[in-house]
Amino acid sequence: ACASSAGVEDIGPLLGAAEEGGHEALPVGACPCQTPSASSCRREAEVRWPRALLLIGVASLAALSTAVAVLRRRAGPPLWGRAGDVIGRPELFSRPGMSAQPEESQEAPKGSVWQIVYPGLMNVRSAKLYLSRVIGMKAACLMVRGTRDGDWVRLIGEPGYMMISLNGTMLMEETLITYELISWGTCASVGRYPISDLDTCQAAALALGLPETSVRTPQGYGQLQGCSMHGTSVFLTAGSANAGDAADGARQLVCSSHATAQPDPCVTAKAKERSKRPNPDAAPAALSPTVGPAAARSPAALPAEAPARAQPRGSLFCFSVLDVDGHGVETMVAQMENGAGVFSCDTSAVYSVGHELPVTPGWKTTLIPAPKGQLPLHAPERETLIFMEVWDAVLRDDRFNSSDWFVKVAQDTVFFADRLRSKLQQPLEKAMFFLNCQNSEIGEPVLLGSLEVFSRGALVAYRDGRERCKKDLPWHTWGENTYIKQCLLSLGVYPVLDGDMVADNQCQSAPCSDSSKVAFQGYRTASSYLECWEKATEVAMASAFLASVGQ
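Just so we're aligned: the sequence shown equals residues 1 to 551 in UniProt numbering.
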């Protein structure tokens, strides 16, 4: 009270007195400024108080600096580089907030650009150990940034390690080639070069993890000159009709770091050739895909001397359908980000009823018109009408003639493309489809809607005879799976029974750890879908590893 009212010359005696006897013990005269010379006393106090506060502040800052230095030495160097420092699709692979930088440098190490040359899904592991936890997957041909650490690449911009080679098989290669998808302007405006050849355009689509990796070659106007993306489709226009046109947001340009075509290990023909190699650290032997991003999750390691499994016959066109309620969009996003489900096939599509649905930024579903009339949402007739439109859309697709097998995957079905490929050994030219349940309630093999597999010959037969089916069959009371089955049978298409293909509660259930199953039905949320998918991948991968050790 004395100090606040009159100022003090020396607060030491006051503090000592207060500690000994409390404020009550202080006599009035203990305030030295209550004297005739109080004005000079106050002037000295006004000088000494700021000086004392300054000394206290300096001491506090020194102590704080020492504590920070000790903590830094204990913590060691940061685990991650700058967020977003990834080649390909940063919005899928960067981890916001991971921006710690090494002490010795103002910038995190840039590392090198690495490309996945293994023609399937590769695991991202938590440590540099083959049996360490899998924390993600990436698809064939995707480019990532990382630093080499022995026979591993430590990823930059996201956690995890990826193997460079296994048993003499190269899984990743360092590359000088990079690609960029630009939404506005020209390639030259960002210091890049346009792409003019088909192989490089497809290689860029794979490296960037675009939704579609097959390249269309339209004639005339409508697309940008060179390699471009419009919607989900990739185009290569070699003519000069659109020369000089710039990307305008809706149409995006795919640009290269090199002015001329460069050798790329992920061009389609070379990727197919590599598929003859033993399965490396990508995902289980019973499994095996691109988004992509490519992203992905399937075959595990087998030694180089191990016998390779039978090669898959033909390419897969896989698709799913979302209804007007939009249910299943999150599951589709999870599949795409991980290269799972329909996105582990050679070609993929997602159709939606009534209106387009945004799946990821810049990519929407393909619109299917809703049935006319006031049919209930889940009425069998409405479902069948929807799939009549879906099959018509598949038949119209530019990729129809370049695909050998067509796979309809229900949105709640966890599906492994490579497991299916191992079953497709019949002649491709034969018109056939699979029945996937033998022990049905009606006493005969049925086609479950969770997974439907058709050869191109079967769909050609459907294309030629669909009007007859619509006219002659009592399909109004059938679900879509019964309709397509009965239609194909009436057209003479050969049915193949595989009752062990699908784990579906309508026929036979099985845990996600059952590696004999191609698909598991009943996982309606993104979290349950990924949980099943990761469990199936881990079990198959562990089995393959144990088999290789035993061999």
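Virtual Cβ for every residue (Gly too), placed ideally from N, Cα, C.
To the nearest angstrom, report how far apart Leu322 and Asp346 are at their CA atoms.
When rounded, the distance between both Cα atoms is 21 Å.
First and last residue of the alpha helix (DSSP H) that includes Pro380?
Its alpha helix (DSSP H) spans residues 380 to 396.
For the segment 374 to 382 against the segment 477 to 484, do three or more pairs of beta-carbon atoms, one drawn from each stretch, fall closer than 8 Å, so that the two count as touching?
Result yes; three or more Cβ-Cβ pairs closer than 8 Å.
Helix, strand or coil, according to DSSP, for Lys535 in the structure here?
Note: Lys535 maps to helix in three-state DSSP.
Between which two residues does the beta strand (DSSP E) harbouring Leu155 extend?
Element bounds for Leu155: 152 to 155.
Between Val124 and Met162, is the Cβ-Cβ spacing less than 7 Å?
In contact: Val124 and Met162 (Cβ atoms closer than 7 Å).
Do you know offhand how far Met143's Cα is from Tyr179's?
Answer to the nearest angstrom: the Cα atoms are 9 Å apart.
Tell me whether Ala340 sits in a helix, a strand or coil according to DSSP, three-state version.
In the structure shown, Ala340 sits in coil (DSSP, three-state: anything other than H, G, I, E or B).
Just the Cα atoms here: how many angstroms apart are Arg524 and Ala259?
Looking at the two C-alpha atoms, the distance is approximately 46 Å.
Are the segment 448 to 459 and the segment 501 to 509 in contact at 8 Å, needing three or more beta carbon pairs?
The segment 448 to 459 vs the segment 501 to 509: in contact.
Nearest-angstrom Cα distance between Arg466 and Pro218?
Straight-line Cα distance between these residues: approximately 29 Å.
Quick check on this structure: which residue in Ala540, Gly339, Tyr351, Leu236 has the alpha carbon closest to the alpha carbon of His327?
Per the Cα distances, Tyr351.
Quick one: what does DSSP say Cys437 is sitting in, helix, strand or coil?
In this structure, Cys437 counts as strand in the three-state DSSP scheme.
Please list the terminal residues of the continuous beta strand (DSSP E) segment that includes Glu158.
Where Glu158 is concerned, there is no enclosing beta strand (DSSP E), given that its DSSP letter is neither H nor E.
Roughly how many whole angstroms lie between the Cα atoms of residue 610 and Ala207?
This structure gives no information on residue 610, because the portion of the chain shown stretches from 1 to 551.
I think Leu435 touches Pro495, with their Cβ atoms under 8 Å apart; what is that distance to the nearest whole Å?
Indeed, because the Cβ distance is near 5 Å, the residues count as touching under 8 Å.
Going by Cα to Cα distance, which pick from Ser422, Gly373, Leu367, Ser455 is closest to Ser402?
The shortest Cα separation from Ser402 among Ser422, Gly373, Leu367, Ser455 belongs to Ser455.
Evaluate Pro119 with the Cβ neighbour count: other Cβ atoms within 10 Å of its Cβ, from every protein chain shown; 16 or more gives buried, anything less gives exposed.
Per the 10 Å Cβ criterion, buried.
For Cys201, which residues from the same chain have a beta carbon less than 6 Å from its beta carbon, with the 5 sequence-adjacent residues on both sides left out?
Cβ neighbours of Cys201 beyond the five flanking positions: Ile195, Val215, Cys227, Leu236.
May I ask you to report which of helix, strand or coil DSSP gives His476?
Of the three classes helix, strand and coil, the one that applies to His476 here is helix, per DSSP.
Give me the Cα-Cα distance between Ser344 and Glu173, rounded to the nearest whole angstrom.
Ser344 and Glu173: Cα-Cα distance of roughly 22 Å.
Going by DSSP in three states, Leu121 sits in which element: helix, strand or coil?
Three-state DSSP puts Leu121 in coil, outside helix and strand.
Around the C-beta of Glu534, are 16 or more other C-beta atoms found within 10 angstroms, so that it is buried, or is it exposed?
Buried is the call here.
On the criterion of 16 or more Cβ atoms from any shown chain inside 10 Å, does Asp464 qualify as buried, or is it exposed?
The residue is exposed, with fewer than 16 neighbouring Cβ atoms inside 10 Å.
Could you check the C-alpha separation between Arg251 and Leu210 for me, to the nearest Å?
Looking at the two C-alpha atoms, the distance is approximately 14 Å.
Which same chain residues end up closer than 6 Å to Ala510 when comparing Cβ atoms and leaving out the 5 residues on each side of it in sequence?
Cβ neighbours of Ala510 beyond the five flanking positions: Ala503, Lys517.
Can you give, in chain order, each stretch of the beta strand (DSSP E) that sits fully within the segment 469 to 519 and has at least 3 residues?
Counting only runs of 3 or more, we get 494 to 497.
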